[in-house]
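Enquirer: In the numbering used here, the protein residues as written are 5 to 318.
Backbone N, C-alpha and C fix where the C-beta goes; we use that ideal spot for every residue, glycine too.
1) So if DSSP puts residue 227 in a beta bridge, which residue, or which two residues, is it bridged to?
2) Is it buried or exposed for residue 261, if we count other Cβ within 10 angstroms and need 16 for buried?
3) Can you list, in chain order, the residues of its chain with a C-beta nearer than 7 angstroms to that of residue 122? Leave out the 5 residues immediately preceding and following it.
4) Counting along the chain, where does the beta strand (DSSP E) carrying residue 172 start and finish?
5) Might you give, ordered along the chain, the residues of its own chain that have their beta carbon closer than 7 angstroms to the beta carbon of residue 241, omitting 5 neighbours on each side?
6) Quick one: is residue 108 buried, meaning 16 or more other Cβ sit within 10 Å of its Cβ, or exposed?
7) Along the chain, where does the beta strand (DSSP E) containing residue 309 start, and where does it finish?
8) Taking DSSP's pairing of strands, which residues face residue 295 in a bridge?
9) Should the region 194–201 be called in touch with the region 133–144, which here means at least 3 C-beta pairs below 8 angstroms?
10) Does DSSP put residue 204 in a helix, in a strand, or in coil?
11) Apply the 10 Å Cβ neighbour rule to residue 46 and answer buried if 16 or more other Cβ atoms are within range, or exposed otherwise.
12) Kindly indicate which residue of 117, 282 and 140 has the alpha-carbon position closest to the one of residue 4.
13) Are the region 222–229 and the region 178–187 touching by the rule of at least three beta carbon pairs closer than 8 angstroms?
14) Expressed to the nearest angstrom, what Euclidean distance is found between the alpha-carbon atoms of residue 28 and residue 305?
15) Ordered along the chain, which non-local residues of its own chain (more than five positions away) have a Cβ less than 7 angstroms from that of residue 23?
16) Evaluate residue 142 with the Cβ neighbour count: other Cβ atoms within 10 Å of its Cβ, from every protein chain shown; 16 or more gives buried, anything less gives exposed.
17) Say whether chain D places a C-beta atom closer than 9 angstroms to the C-beta of residue 209.
18) Residue 104 and residue 74 - do their beta-carbons sit closer together than 9 angstroms?
19) Do residue 92 and residue 31 have their beta-carbon atoms positioned less than 9 angstroms apart in this structure?
20) Tell me, please, whether the region 213–226 touches the region 152–166 by the rule of three or more beta-carbon pairs shorter than 8 angstroms.
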């Protein structure tokens, strides 16, 4: 008798991310530039989502999603919604921070909003860049109207030859040995034109000390450029997730740095970008949130400067 036909093998399940993190899967696109009223450049980048339902009185929605175009004039934008799965509604008066803020600055663009809830003063603190060598801080009681505070990072605070200090995110993270309660992660570029992840620490989120050595070098992980860093904590340790440039896979990688930032365990792939829309081979600048117990990752999907904002569910 003929041998029975072999059943086709089931596709192997994708390996779970290192560190016991959720296996995030693309769910939907949340914001598309062509559908936005404020759309000067046809691209948006660098989402940051914050639950405000338990922090602000009478917010526009349970969640505030900050984002913006990268190219000039840029602009810090806000959308709001009642679920991390959307829908998100564009705020009517974007941008909430523009590239001209007299008398503080006049630059070609502002971009990459990261918003931190500062429980000490019950304010939302916005870190953003413009130009690429300057990261700034503005502060707000309602998440919409901001008061300019100060410059917190420039290339002059990093080694000679540094050309970009941008895409910063700030996290409440205690480093007792450094007398610090906050950590900043950012992208550093220099005359080699290869971008690394750098970091600093602060007692108050305003005045910073920066390590003069990169936290993760592009060459450590086989990439030409890395960026979009985000801090994550799980099971008693601390990790940094970041993106690689599209020619190096356009994926998110993860490195364990430990609670005191003394480790450099490069653990590899955290999120594999899809070759189909909206990722088109590139996922970048992840932000993370939990909605009623479900973990989500909101990220920049698509080729650099052709991006939209998407959400994956864990």
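Expert: If we stick to the structure as given:
1) Locating residue 227 in the chain shown gives position 223, where the first residue counts as 1. For residue 227, which the question treats as bridged, DSSP gives no partner whatsoever.
2) Residue mapping note: residue 261 aligns to position 257 of the chain shown, counting from 1. Buried, because 16 or more other Cβ atoms sit within 10 Å of the Cβ of residue 261.
3) Sequence index remark: in the chain shown, residue 122 carries index 118 (1-based). Only 129 and 209 meet the Cβ criterion.
4) Your numbering for residue 172 matches position 168 in the chain shown. Per DSSP, residue 172 belongs to the beta strand (DSSP E) from 168–179.
5) Reading the chain shown from its first residue, position 237 is the one you call residue 241. If we look at residue 241 and ignore the five residues flanking it on each side, its Cβ neighbours are 260, 262 and 263.
6) Stepping through the chain shown from its first residue, residue 108 is reached at position 104. Per the 10 Å Cβ criterion, exposed.
7) Working through the chain shown from its first residue, we reach residue 309 at position 305. Residue 309 -> no beta strand (DSSP E), and no H or E assigned at all.
8) Taking the chain shown and counting its residues from 1, one reaches residue 295 at position 291. The partner list for residue 295 (beta bridge, DSSP) reads 298.
9) no
10) The residue you call residue 204 lines up with position 200 of the chain shown. Reduced to three states, the DSSP call for residue 204 is strand.
11) Residue numbering aside, residue 46 sits at position 42 when the chain shown is read from its first letter. Exposed.
12) Not covered by the structure: residue 4. The range shown for the chain is 5 to 318.
13) no
14) Within the chain shown, numbered from 1, the residue matching residue 28 stands at position 24. Within the chain shown, numbered from 1, the residue matching residue 305 stands at position 301. In a straight line, the C-alpha of residue 28 is about 14 angstroms away from that of residue 305.
15) Walking along the chain shown from the start, residue 23 turns up at place 19. Excluding positions up to five away in sequence, the list reads 238, 243, 258, 260 and 271.
16) The residue labelled residue 142 in the question sits at position 138 within the chain shown. Its Cβ being crowded by 16 or more others within 10 Å, residue 142 is buried.
17) In summary, chain D is missing from the structure at hand, where a single protein chain is found.
18) Locating residue 74 in the chain shown gives position 70, where the first residue counts as 1. Locating residue 104 in the chain shown gives position 100, where the first residue counts as 1. Contact flag unset, no.
19) By one-based count along the chain shown, residue 31 stands at place 27. By one-based count along the chain shown, residue 92 stands at place 88. For residue 31 and residue 92, no; Cβs fall outside 9 angstroms.
20) yes
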